[in-house]
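Visitor: Here it is, the structure, as C-alpha cells.
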Amino acid sequence: MHATEILMEEHEAILRFIDALELAAEHLAAGQPARAGFFLDAADFIKGFADGCHHHKEEGLLFPALEAAGMPAEGGPVGMMLHEHDVGRAYTRAMREAAEKLHAGDAAAAAGVFENARGYAALLRQHIQKENMVLFRMADNFIQGAAADELTAAFERVEKEETGEGVHEKYLAILDALEREAREAGAPVALRA
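If you read the sequence shown in numbering that gives the first Met the number 0, its first letter stands for residue 0, the second for the next number, and so on.
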C-alpha cells in the first residue's frame with residue numbers, strides 16, 4: 000500500500016467520525032439527549048487519531064517529502080493544508096472547552112459545542128476532499144520510485160515506533176462507540192461519564 004493510500008484509508012475513518020460528530024451535534028442543538036462527554040471523547044479522538052496518527056504522518060513525512068521533491072511548502076497546497084490543520088485544532092480546543100463547561104452544568108455552553116463541532120466537520124469534509132482529489136494525486140506524481148517506497152516505509156516505521164502497536168485499533172474501537180452513541184440518541188454508550 001502506498002503512503003497516499005494509507006492516508007486515504009485513515010480519511011475514511013475520519014469521515015465516519017465526522018458523520019457521528021455531526022449527528023450528535025444535531026441532537027444537542029435539537030434539545031435531544033446528547034452526553035457532554037461524547038464531545039470530550041470526540042476531542043480525544045481528534046487529538047489521538049486525526050492529529051496523532053494521521054496529521055503526524057502528513058506534517059512529519061509527506062509534506063517534507065513533497066518539499067524535497069520540489070513542491071513549495073509555503074503559498075501552495077501544502078501551506079493551505081497546514082493552515083487548515085491549525086484551524087481544525089482551534090475548533091477542537093474550542094469544542095473541548097465548551098463541552099467541559101456543558102459537562103459542569105453550563106447549559107449555555109451547548110451552543111459553543113454545536114458551533115465548533117459543526118465548524119470542525121465542515122472544515123474537515125472539504126479538507127479531505129482537497130487532499131484526496133488534489134494533493135495526494137500531486138504527491139503520487141511528485142514522489143515516485145525509491146522515494147515513494149521510502150515514504151511508505153517511513154509511515155510504517157512511525158506506526159510501529161512512534162504511534163505504537165494497537166493504537167489504530169484503540170481509536171477505531173472508540174470510533175465504533177461514538178458512532179453507536181450518535182445513532183442511538185437517548186441510549187448513550189459511555190466511554191466517559
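Beta carbons: idealized from backbone N, C-alpha and C, even for Gly.
Do the CB positions of L27 and F113 come within less than 7 Å of each other?
Guide: Taking the sequence shown and counting its residues from 1, one reaches residue 27 at position 28. Taking the sequence shown and counting its residues from 1, one reaches residue 113 at position 114. Result yes, Cβ atoms of L27 and F113 sit closer than 7 Å.
Visitor: Using the rule of at least 16 other Cβ atoms within 10 Å of the residue's Cβ for burial, across every protein chain shown, is F16 buried or exposed?
Guide: Your numbering for residue 16 matches position 17 in the sequence shown. By the neighbour-count rule (16 or more Cβ atoms within 10 Å), F16 is buried.
Visitor: Given this structure, state the Cα-to-Cα distance separating A29 from E21, to the nearest angstrom.
Guide: Here residue 29 is taken as the residue at index 30 of the sequence shown, counted from 1. Here residue 21 is taken as the residue at index 22 of the sequence shown, counted from 1. Taking the straight line from one Cα to the other gives about 12 Å.
Visitor: Report buried or exposed for M94, applying the criterion of at least 16 other Cβ atoms within 10 angstroms of its Cβ.
Guide: Residue 94 sits at position 95 when you count from the first residue of the sequence shown. With 16 or more other Cβ atoms within 10 Å, it is buried.
Visitor: Is it the case that the Cβ atoms of A64 and L150 are separated by a distance below 7 Å?
Guide: Here residue 64 refers to the residue found at position 65 when the sequence shown is read from its first residue. Here residue 150 refers to the residue found at position 151 when the sequence shown is read from its first residue. Against a cut-off of 7 Å, the Cβ pair of L150 and A64 comes out as a contact.
Visitor: Taking the alpha-carbon of L171 as reference, which of K100, L14, M70, M0 has the nearest alpha-carbon?
Guide: Residue mapping note: residue 171 aligns to position 172 of the sequence shown, counting from 1. The residue with the shortest Cα to Cα distance from L171 is L14.
Visitor: Evaluate contact between the region 87-103 and the region 28-45, counting only Cβ atoms and requiring at least three cross-stretch pairs below 8 Å.
Guide: The region 87-103, when compared against the region 28-45, does touch it at the 8 Å Cβ threshold.
Visitor: Going by Cα to Cα distance, which pick from D18, A181, A24, I173 is closest to A98?
Guide: Within the sequence shown, numbered from 1, the residue matching residue 98 stands at position 99. It is A24.
Visitor: Roughly how many whole angstroms lie between the Cα atoms of T3 and I45?
Guide: Position 4 of the sequence shown, counted from the start, is the residue given in the question as residue 3. Position 46 of the sequence shown, counted from the start, is the residue given in the question as residue 45. One C-alpha to the other measures close to 20 Å.
Visitor: Of the choices A109, E58, A108, A107, whose alpha-carbon is the least far from that of H84?
Guide: Counting from one through the sequence shown, the residue named residue 84 turns up at place 85. Measuring from the Cα of H84, the nearest candidate turns out to be E58.
Visitor: Determine the direct distance from the alpha carbon of G75 to that of K169, and round the result to whole angstroms.
Guide: Along the sequence shown, one-based indexing puts residue 169 at 170. Along the sequence shown, one-based indexing puts residue 75 at 76. Going from the Cα of K169 to the Cα of G75 covers about 34 Å.
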